[in-house]
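Everything on this sheet refers to the single structure shown next.
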Amino acid sequence: MIKKFDHVALVVKNTESSWALLSNLFGFQKVECRAEPEAGFKSTLISRADVTLELIEPTAPHGPIHNFVEKRGGGLHHISIQVENLQEEIDRLRPLGVQFVGSEPVQVSEGTRVIFIHPRSTDGLMIELMERK
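See below:
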């Protein structure tokens, strides 16, 4: 069951300059920064009122985020939906023909697991399903 829309993720060339721009224009505040060197990116969560954006910047010359910037120049990467029970959602969606990126959820932080719905299943839109305990 869906709890709420969690955030929208945008791939940018530089998280600091993008955050500075969005802060100056709309008053976004930094919430969290994290590096994912194995995956070749870093991200910054920014928020204002009930809107949260994840800014994602490539940090390696190869990898999916770098390729995204090379191909598209940046833009919408995914929307994140928080769910009550991640495994129940996966079990509900698989019989409907939904394909996932990877076969199992990934723990991204203490108490938070995610899995991405492959864009082939959603008319080109990447959707992250997230469970927070």
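Sequential numbering from 107 applies to the sequence shown in our numbering.
Heads up, the beta-carbon is just placed ideally off N, CA and C, and yes, glycines get one too.
Cβ distance (whole Å) where residue i is taken to contact residue j below 8 Å
i	j	result
G208	H172	Rounded, the Cβ-Cβ distance is 19 Å, inconsistent with contact.
S215	A115	That pair is no contact at about 15 Å.
R238	Q188	6 Å
V220	I162	The Cβ separation is near 14 Å, so there is no contact.
Q205	S227	5 Å
Cβ neighbours of residue i in the same chain (closer than 7 Å, five flanking residues each side left out)
i	result
E190	M107 and K109
Q213	R219
G133	R154
K136	W125, T150 and I152
A166	G146 and H172
Top-ranked residue by Cα proximity to residue i, from the options
i	options	result
E138	G181, S153 and A126	S153
G179	D112, H113 and N120	N120
H168	P143, W125 and Q135	P143
E105	P225, L127, L128 and I196	What is shown of the chain runs 107 to 239, which leaves residue 105 out entirely.
P164	H183, L127, L131 and D156	H183
M232	L127, L128, P170 and S129	P170
L199	K177, E176, G217 and H224	H224
T158	L202, L128 and D229	L128
Cβ-based neighbour list, residue i, same chain, cut-off 6 Å, excluding 5 preceding and 5 following
i	result
E160	H113, A115, S149 and L151
Buried versus exposed, by CB contacts within 10 Å (16 or more), residue i
i	result
L235	buried
E122	exposed
F222	buried
Paired residues, beta bridge with residue i - DSSP
i	result
P164	F147
K110	Q188
Near the ligand COA: residue i beta-carbon under 7 Å from a heavy atom
i	result
P225	The model depicted lacks the ligand COA and carries no ligand whatsoever.
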